[in-house]
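The block underneath contains the structure these notes are about, expressed in structure tokens.
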Amino acid sequence: MVAEGKYCIDIINQSLAIKQALSGVEDLILENHLATHVVMQMKQRQEGRAIKEILSVYKLSKKK
């Protein structure tokens with residue numbers, strides 16, 4: 044869009060839409076990970092590993 048000389052506000056709107064779409068994908072992946080892998084770790088008595096992963100995700104989410 045930049046190379047085509049599109050209006051700046053249109054470029055910003057498109058960029059924001061892309062960010063929102065990617066955020067939605069990240070949310071789905073995280074939900075799936077927590078519902079499958081982390082639950083499995085808890086069931087297999089790997090609580091320390093599960094907690095470490097949850098904290099890692101939490102720290103990443105604070106960087107957004």
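By the count of this note's numbering, the sequence shown reaches residue 107 at its end, each step adding exactly one.
The beta-carbon is built from N, C-alpha and C at its ideal position, and this holds for glycine as well.
Whole-number beta carbon distance between residue j and residue i, since they are thought to touch under 8 Å
i, j, result
"V45", "L73", "About 31 Å; that fails the 8 Å criterion."
Under the three-state DSSP convention, the category residue i falls into
i, result
"R92", "helix"
"M83", "helix"
"K106", "coil"
"Y50", "coil"
"V100", "helix"
"V68", "helix"
Cα-Cα separation, residue i to residue j
i, j, result
"G48", "Q57", "14 Å"
"G91", "I52", "47 Å"
"M83", "D70", "19 Å"
Residue-chain proximity (residue i, chain B), Cβ-Cβ < 7 Å
i, result
"I54", "Absent from the structure is chain B; it holds one protein chain and no more."
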